[in-house]
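Residue numbers are given in the working numbering: position 115 of the sequence shown equals residue 372, and the series is strictly consecutive.
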Amino acid sequence: PGQRFLCESTAPHTGTQVAPSHHHPARRQALGRNGALILDPPNRADDQRPRLEDTIQLQEWLRRETLTYPAMPMEGALPNYFTINGKSAPEIPHMVVNQGDRVRIRLVDVGYSVHPMHLHGKRFTVIAKAGATLASPYQADTVLLGTGEPYDLEYVADDPGAWWFPCRT
258 PGQRFLCEST APHTGTQVAP SHHHPARRQA LGRNGALILD PPNRADDQRP RLEDTIQLQE
318 WLRRETLTYP AMPMEGALPN YFTINGKSAP EIPHMVVNQG DRVRIRLVDV GYSVHPMHLH
378 GKRFTVIAKA GATLASPYQA DTVLLGTGEP YDLEYVADDP GAWWFPCRT
């Protein structure tokens, strides 16, 4: 935990993917042993790189009394507690952007619910969905993030400061 390692292989395409565990997947997914797998193009020019990239992963939990359990809707354990990158509000880290920064946000839902994700006061361009670059990117202020579904969004910061990307539910 908290460390990285390099694993090289040839990917069929680039984009943001969900990387689930394939060993006892139901149990491991519920325990949070999955995440985002980001496949960048091998020769992306520097002018195509955003100044700031952030990956936001949503997970769901069941809190009963003083204990927290993985949410398991199929077992009747419906979620009542949600985290973004392992934290809940107000502990969710903010993105700090400067005027004119190009920002890419990768949203990944590794839970079981649908989440309407919204960047307060901003519109963004949806550039990829489910790991595939969109032929026709579109403008939005909210995306409906489904189970196991990644979205890649970009915007240019016209209002510098600290921002966070909350779920609207």
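For glycine and all other residues, C-beta sits at the position ideal for the given N, C-alpha and C.
Beta-bridge analysis with DSSP links L315 to I341, D366. V383 sits away from Y369, with the two beta carbons spaced by 7 Å or more.
Counting along the chain, G418 sits inside the beta strand (DSSP E) bounded by residues 418-420. In this structure L364 touches L402 by the C-beta definition: roughly 5 Å separates them, less than 8 Å.
By the neighbour-count definition (other C-beta atoms within 10 Å, threshold 16), T390 is an exposed residue. Excluding five sequence positions before and after A334, the CB atoms of its chain that fall closer than 7 Å to its own CB belong to L319, Y326, A328, given in chain order. Apart from sequence neighbours up to five positions away, the residues of its chain that approach H351 with a beta-carbon distance below 7 Å are A419, W420, W421, ordered along the chain.
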